[in-house]
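Comments concern the structure below.
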Amino acid sequence: METNLCIAGFGGQGVMTMGKFLADATCNATEKKVTFFPSYGAEQRGGTANCYVVISDEEIGAPLGDVMDDLVVMNAPSLAKFLPILKSGGTLFINSSIVSDDISRSDVKLVKAPVTEIALEMGNAKVLNVIMLGVYVGYTEVLEPEVVWETIKHKLSSKPKLLPLNKEAFEKGLVLGHSQK
Amino acid sequence: MARLFMKGTEAVAEAAVRAGCRFFAGYPITPQNEVPEYLSRRMPEVGGVFIQGESEVASISMVYGAASAGTRSMTSSSSPGIALKSEGISYCASALIPMVYSNFARGGPGVGSIQPAQQDYFQATKASGNGGFQMMVFAPSSVQEAVDLTYEAFDLADRDRNPVCILADGVIATMMESVEFPPMKSNVEIDAIKESKREWALVGHDFEKEKRAWIEPGHWQTKDMQKANEDAAAMYLEWEKDIRVEEYGLEDAEIVLTSYGISARVVKSAVSILRAEGIKAGYIRPITVNPFPYGAYDHINYDKCKAVLNVEMSIPAQFGVDVKVGVKDRCPIEHCLCSGGNIISRNAVLDAAKKIMKG
Amino acid sequence: MQKIYTRTKTIQQDKVSGFCPGCMHSTIIKLIGEVLEELDVVDRTACVLGIGCCGLQMDYMAYDNSTAPHGRACATATGVKRSNPESLVFTYQGDGDLASIGLAETMSAANRGENISVIFVNNGIYGMTGGQMAPTTLIGMKASTAPKGRIADEHGYPMHMCEILNQLTAPVYLERTSCNNPANTMKTKNAIKKAFRNQLDGKGFSMVEIVTSCPTNWGLDALASLEYIEEKMLPEFPLGVIRDR
Numbered sequence: 328m329e330t331n332l333c334i335a336g337f338g339g340q341g342v343m344t345m346g347k348f349l350a351d352a353t354c355n356a357t358e359k360k361v362t363f364f365p366s367y368g369a370e371q372r373g374g375t376a377n378c379y380v381v382i383s384d385e386e387i388g389a390p391l392g393d394v395m396d397d398l399v400v401m402n403a404p405s406l407a408k409f410l411p412i413l414k415s416g417g418t419l420f421i422n423s424s425i426v427s428d429d430i431s432r433s434d435v436k437l438v439k440a441p442v443t444e445i446a447l448e449m450g451n452a453k454v455l456n457v458i459m460l461g462v463y464v465g466y467t468e469v470l471e472p473e474v475v476w477e478t479i480k481h482k483l484s485s486k487p488k489l490l491p492l493n494k495e496a497f498e499k500g501l502v503l504g505h506s507q508k
Numbered sequence: 626m627a628r629l630f631m632k633g634t635e636a637v638a639e640a641a642v643r644a645g646c647r648f649f650a651g652y653p654i655t656p657q658n659e660v661p662e663y664l665s666r667r668m669p670e671v672g673g674v675f676i677q678g679e680s681e682v683a684s685i686s687m688v689y690g691a692a693s694a695g696t697r698s699m700t701s702s703s704s705p706g707i708a709l710k711s712e713g714i715s716y717c718a719s720a721l722i723p724m725v726y727s728n729f730a731r732g733g734p735g736v737g738s739i740q741p742a743q744q745d746y747f748q749a750t751k752a753s754g755n756g757g758f759q760m761m762v763f764a765p766s767s768v769q770e771a772v773d774l775t776y777e778a779f780d781l782a783d784r785d786r787n788p789v790c791i792l793a794d795g796v797i798a799t800m801m802e803s804v805e806f807p808p809m810k811s812n813v814e815i816d817a818i819k820e821s822k823r824e825w826a827l828v829g830h831d832f833e834k835e836k837r838a839w840i841e842p843g844h845w846q847t848k849d850m851q852k853a854n855e856d857a858a859a860m861y862l863e864w865e866k867d868i869r870v871e872e873y874g875l876e877d878a879e880i881v882l883t884s885y886g887i888s889a890r891v892v893k894s895a896v897s898i899l900r901a902e903g904i905k906a907g908y909i910r911p912i913t914v915n916p917f918p919y920g921a922y923d924h925i926n927y928d929k930c931k932a933v934l935n936v937e938m939s940i941p942a943q944f945g946v947d948v949k950v951g952v953k954d955r956c957p958i959e960h961c962l963c964s965g966g967n968i969i970s971r972n973a974v975l976d977a978a979k980k981i982m983k984g
Numbered sequence: 054m055q056k057i058y059t060r061t062k063t064i065q066q067d068k069v070s071g072f073c074p075g076c077m078h079s080t081i082i083k084l085i086g087e088v089l090e091e092l093d094v095v096d097r098t099a100c101v102l103g104i105g106c107c108g109l110q111m112d113y114m115a116y117d118n119s120t121a122p123h124g125r126a127c128a129t130a131t132g133v134k135r136s137n138p139e140s141l142v143f144t145y146q147g148d149g150d151l152a153s154i155g156l157a158e159t160m161s162a163a164n165r166g167e168n169i170s171v172i173f174v175n176n177g178i179y180g181m182t183g184g185q186m187a188p189t190t191l192i193g194m195k196a197s198t199a200p201k202g203r204i205a206d207e208h209g210y211p212m213h214m215c216e217i218l219n220q221l222t223a224p225v226y227l228e229r230t231s232c233n234n235p236a237n238t239m240k241t242k243n244a245i246k247k248a249f250r251n252q253l254d255g256k257g258f259s260m261v262e263i264v265t266s267c268p269t270n271w272g273l274d275a276l277a278s279l280e281y282i283e284e285k286m287l288p289e290f291p292l293g294v295i296r297d298r
């Protein structure tokens with residue numbers, strides 16, 4: 328069993344962090360093989376950002392697969408760019424707050440999550456990635472939510488003030504993801 | 626110890642520290658900037674030295690100096706930066722100075738692209754500088770392997786008094802993967818290593834009682850220079866015993882895929898898919914690309930093998946030239962290549978293999 | 054009979070120098086050796102040689118030495134010194150090495166305030182390669198790559214390394230001396246001693262620029278080249294302490 332995930336969005340939306348949290352949690356809490364591979368460009372700021380996470384029971388071949396089982400899209404340009412590599416029957420997670428385009432494919436499952444709106448309602452636009460991580464974990468059940476939360480907690484240990492907000496964000500996401508199963 | 630989830634660059638840097646490397650000089654270049662960044666934090670913690678040199682040429686010259694003084698030393702760069710370091714690498718080879726450097730290769734030639742590539746194969750294995758010297762060149766295909774080979778590279782560099790190259794690429798550099806680290810060498814061990822080099826190292830000698838240290842990156846007398854070349858050539862032959870290669874399924878393979886470094890892990894997963902689909906595929910993955918395991922290609926069952934498929938991230942093929950030497954015209958060699966920063970696609974490999982099997 | 058002078062032990066007794074008649078490298082190497090003995094640091098000295106004629110001493114110097122890639126002596130010395138802070142580490146470089154191909158390494162080591170000593174031998178020309186133009190070649194001075202002499206409009210002006218390094222904050226000691234007469238030679242020895250003492254005291258970067266001759270490539274005999282130093286070189290490269298902190 329191997330899961331190829333691509334997470335894509337604007338720089339600054341925390342897509343790399345989301346991928347790293349998920350991959351790190353997998354490494355910490357399971358015996359599975361996992362790779363995280365960031366696509367990198369020359370720009371320090373702006374542009375699109377995307378990363379690939381592969382979680383597998385077997386040795387991982389390419390850390391960047393040809394087709395994705397799951398695709399997380401945080402902005403409209405990423406939808407156009409990455410939808411073609413989502414496999415038939417794969418799952419598309421979209422930030423429905425800002426991705427309003429029609430989905431041109433009917434052979435994929437769609438999970439909508441208005442993560443930008445939720446984050447703004449919570450008073451901190453930056454937590455949209457943690458909400459989306461919750462949505463992804465809640466929907467796919469790829470890992471136990473507690474395991475992922477432990478990793479987030481560990482990574483944010485230098486900023487304890489942010490923990491309650493992130494916990495709430497992650498849990499909101501979990502509920503939202505789980506409800507769309 | 627528990628496995629850690631780390632970037633290739635940082636993992637290589639930590640492996641060097643654990644191997645007793647206590648001097649690093651480097652210069653920024655993408656995609657390996659986390660090596661100097663990590664070591665700028667880490668070296669002071671272990672009493673080592675980190676210097677951001679004013680250039681690649683200066684950095685390798687600093688490493689040449691530090692290693693000449695008996696300290697396990699390292700530098701790191703990416704393709705165009707390695708080209709600049711070739712001066713100092715050649716000096717180290719000539720002057721019998723052990724050191725380790727890593728090349729997290731990117732697209733080329735020229736400034737090329739900052740994305741991953743395997744276009745420095747000839748540079749690493751055939752001519753890393755002037756003068757026809759050779760080095761052991763390790764080609765890791767995972768972060769764990771990069772760690773293990775870096776750790777060991779320091780021992781081999783010291784054993785041979787010769788540079789050792791870790792030939793990685795931008796994927797190994799930037800990807801994160803779980804790793805387990807070898808043990809941290811103690812200060813006692815590190816001091817003992819340095820002491821073992823005392824005779825030849827620039828540590829100061831009382832010339833009335835013992836021979837001075839004389840670091841010679843060349844010789845005035847042609848007979849001395851030729852003697853040095855002959856000694857080096859004899860050492861290169863000894864490396865036959867150090868060859869490392871991974872082979873799979875060669876006895877019955879109708880098609881043998883061959884590849885190294887990052888491409889090889891893609892090939893390995895492609896081979897398991899081909900096998901699952903009933904195609905008898907095998908692979909050869911050199912781990913040392915110098916010395917090159919030409920002999921591994923003798924293990925192919927040429928009565929059954931229709932072709933060898935060379936897979937690498939370089940156009941034109943470079944690794945494929947060594948493969949050709951190994952195969953010795955016993956079967957056709959086909960190529961599946963990409964270049965310029967593009968990462969080899971498993972589907973492309975599968976398509977190429979299937980096309981051969983149909984043809 | 055009282056022995057009042059003997060050859061420095063830092064030069065191997067059975068070896069012969071490869072320097073041309075009238076060349077001042079021999080003098081400077083002797084001065085360095087005397088200073089090392091007087092400071093009693095010979096057994097913890099490491100010399101990093103530049104490329105060119107300065108390397109001709111490697112056969113007969115008796116203490117630890119290495120040859121850096123062309124121009125990189127200050128970088129190589131940085132590595133040696135940082136590895137072994139207890140060592141006395143100095144570079145010995147010519148003008149092409151230090152001021153042309155090695156300008157970045159020289160400036161950067163000085164700017165870092167590396168605790169090393171630099172002996173810079175400036176004779177205004179490339180020696181070993183056959184008299185090519187150097188960054189310190191005088192205006193009008195002929196060179197094998199400047200057959201009409203150095204022309205300011207085309208080649209720029211001679212570089213004054215002490216003054217250039219004096220723009221940096223970190224260096225502690227910069228002095229220009231010569232070996233064109235006994236008095237200046239003694240001043241050179243004192244300057245070398247001061248540069249080495251600075252390092253032993255942990256003070257930081259010192260450079261002694263020594264204005265010398267190249268009779269062979271200048272096309273002059275030994276005595277005429279001494280006059281050339283006095284009349285041509287020293288007006289361009291005035292002697293003295295540029296910085297002493």
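Chains as they are written, first to last, in the working numbering: chain R, 328 to 508; chain D, 626 to 984; chain U, 54 to 298. Beta carbons are placed, not taken as given, at the ideal position from N, Cα and C, and that holds for glycine.
Inset, instruction - Apply the 10 Å Cβ neighbour rule to Thr241 of chain U and answer buried if 16 or more other Cβ atoms are within range, or exposed otherwise. - result: Counting Cβ neighbours within 10 Å, Thr241 of chain U comes out buried, since at least 16 surround it.
Legend entry - chain D residues whose Cβ lies nearer than 9 Å to that of Thr144 of chain U: For a Cβ distance threshold of 9 Å, nothing in chain D lies close to Thr144 of chain U: the least Cβ distance comes to about 10 Å.
Inset, instruction - Using a Cβ cut-off of 7 Å, pull out every chain B residue sitting near Ala376 of chain R, in sequence order please. - result: Of the chains in the structure shown, none is chain B; the protein chains are R, D and U.
Inset, instruction - Consult DSSP for Trp839 of chain D and reduce its assignment to one of helix, strand or coil. - result: In the structure shown, Trp839 of chain D sits in a strand (DSSP, three-state: E or B).
Legend entry - Rounded separation between Pro211 of chain U and Thr190 of chain U - CA only: In this model, Pro211 of chain U and Thr190 of chain U are separated by some 6 Å (Cα to Cα).
Legend entry - Secondary structure of Gly108 of chain U, DSSP reduced to three states: Note: Gly108 of chain U maps to helix in three-state DSSP.
Inset, instruction - Verify the CB distance criterion: does Ile925 of chain D have a CB-CB separation below 8 Å to chain U? - result: Judged by the 8 Å Cβ criterion, Ile925 of chain D is not in contact with chain U.
Inset, instruction - Could you pull out every residue in the same chain whose Cβ sits closer than 6 Å to the Cβ of Lys810 of chain D, ignoring the five residues on either side in sequence? - result: The answer, listed in chain order, is Gly645.
Legend entry - Boundaries (first-last residue) of the alpha helix (DSSP H) holding Asp150 of chain U: Asp150 of chain U -> no alpha helix (DSSP H), and no H or E assigned at all.
Inset, instruction - Determine the DSSP secondary structure at Asn456 of chain R, reduced to helix, strand or coil. - result: Of the three classes helix, strand and coil, the one that applies to Asn456 of chain R here is helix, per DSSP.
Inset, instruction - Kindly say whether Gly105 of chain U, judged by its beta-carbon, lies nearer than 8 Å to any beta-carbon of chain D. - result: The beta-carbon of Gly105 of chain U is placed no less than 8 Å from the nearest beta-carbon of chain D.
Legend entry - Counterpart residues of Tyr726 of chain D in DSSP-defined beta bridges: Its beta-bridge partners are D:Thr700, D:Cys790.
Inset, instruction - Could you tell me the distance, in whole angstroms, from the CA atom of Thr375 of chain R to the CA atom of Ala403 of chain R? - result: Spanning the alpha carbons of Thr375 of chain R and Ala403 of chain R requires a straight line of approximately 10 Å.
Legend entry - Under 9 Å from the C-beta of Gly132 of chain U: neighbouring residues of chain D: Against chain D, the beta carbon of Gly132 of chain U has neighbours under 9 Å at Phe648, Ala650, Val674, Ile676, Ser686, Met687, Val688, Tyr689, Gly690, Ala691, Ala692, Ser693, Ala694, Thr696, Ser698, listed in chain order.
Legend entry - Within chain R, the residues that Ile968 of chain D reaches when beta carbons sit closer than 8 Å: Within chain R, the residues Ala389, Leu391 have their CB atoms less than 8 Å from the CB of Ile968 of chain D, given in chain order.
Inset, instruction - Starting from Cys127 of chain U, trace the beta strand (DSSP E) both ways and give me its first and last residue. - result: Counting along the chain, Cys127 of chain U falls outside any beta strand (DSSP E), though it belongs to the alpha helix (DSSP H) covering 126-136.
Inset, instruction - Rank U:Gly105, U:Arg60, U:Thr144 by C-alpha distance to the C-alpha of Ser259 of chain U and give the top, closest one. - result: Of U:Gly105, U:Arg60, U:Thr144, the smallest CA-CA separation from Ser259 of chain U is found for U:Thr144.
Inset, instruction - Measure the alpha-carbon distance for Gly209 of chain U versus Ala720 of chain D and round it to whole angstroms. - result: Counting only the Cα atoms, Ala720 of chain D lies some 37 Å from Gly209 of chain U.
Inset, instruction - Going by DSSP, name the residue or residues bridged to Ile676 of chain D. - result: When DSSP reads this structure, Ile676 of chain D sits in a beta bridge with D:Ala650.
Inset, instruction - Could you list which residues in chain D have their beta carbon closer than 9 Å to that of Tyr367 of chain R, in chain order? - result: Result: Thr655, Pro656, Ile739, Gln740, Gly795, Thr799.
Inset, instruction - Could you please tell me which residues of the segment 348-366 of chain R, in chain order, have their CB closer than 8 Å to any CB of chain D? - result: Within the segment 348-366 of chain R, the residues whose Cβ lies closer than 8 Å to some Cβ of chain D are Ala350, Asp351, Cys354, Asn355, Lys360, Val361, Thr362, Phe363, Phe364, Pro365, listed in chain order.
Legend entry - At least 3 beta-carbon pairs within less than 8 Å: the segment 673-689 of chain D vs the segment 117-136 of chain U: Put simply, the segment 673-689 of chain D touches the segment 117-136 of chain U. At least three CB pairs are less than 8 Å apart.
Legend entry - Residues that DSSP places opposite Val933 of chain D in a beta bridge: Paired residue(s): D:Val881, D:Ile958.
Legend entry - Under 8 Å (Cβ pairs) to chain U, residues found in the segment 829-840 of chain D: Against chain U - using a Cβ distance shorter than 8 Å - the residues of the segment 829-840 of chain D are Gly829, His830, Asp831, Phe832, Glu833, Arg837, Ala838, Trp839, Ile840.
Inset, instruction - Name, please, each residue of chain D whose Cβ falls closer than 8 Å to the Cβ of Glu448 of chain R. - result: The premise fails here: Glu448 of chain R is roughly 32 Å from chain D at the closest Cβ pair, so nothing lies under 8 Å.
Legend entry - Three-way DSSP call (helix, strand, coil) for Thr847 of chain D in this model: Thr847 of chain D: helix per DSSP, three-state reduction.
Inset, instruction - For the beta strand (DSSP E) containing Asn331 of chain R, list its first residue and its last residue. - result: Segment 329-337, the beta strand (DSSP E) holding Asn331 of chain R.
Inset, instruction - Using beta-carbon positions only, say whether Leu141 of chain U and Arg97 of chain U come within less than 8 Å of one another. - result: With a cutoff of 8 Å on beta-carbon distance, Leu141 of chain U and Arg97 of chain U are scored as near each other.
Inset, instruction - Say whether chain D places a C-beta atom closer than 8 Å to the C-beta of Glu386 of chain R. - result: Yes, because at least one Cβ of chain D sits closer than 8 Å to the Cβ of Glu386 of chain R.
Legend entry - Ala749 of chain D and Val762 of chain D closer than 8 Å at C-beta: Yes, the pair counts as a contact, with Cβ atoms nearer than the cut-off.
Legend entry - Residues sharing a beta bridge with Arg296 of chain U, DSSP: U:Leu227.
Inset, instruction - Excluding the 5 residues preceding and the 5 following Ile797 of chain D in the sequence, name in chain order all residues of the same chain whose CB lies nearer than 7 Å to its CB. - result: Excluding positions up to five away in sequence, the list reads Gly633, Phe729, Pro765, Val768, Ala771, Ile887.
Legend entry - Buried versus exposed call for Trp825 of chain D [16 or more other C-beta atoms within 10 Å across all chains shown]: So Trp825 of chain D ends up on the buried side.
Legend entry - Val94 of chain U versus Phe806 of chain D - alpha carbon distance: Rounded to the nearest angstrom, the two C-alpha atoms are 42 Å apart.
Inset, instruction - Helix, strand or coil for Asp397 of chain R, going by three-state DSSP, please let me know. - result: Asp397 of chain R: strand per DSSP, three-state reduction.
Inset, instruction - Could you tell me the distance, in whole angstroms, from the CA atom of Thr700 of chain D to the CA atom of Thr222 of chain U? - result: Taking the straight line from one Cα to the other gives about 28 Å.
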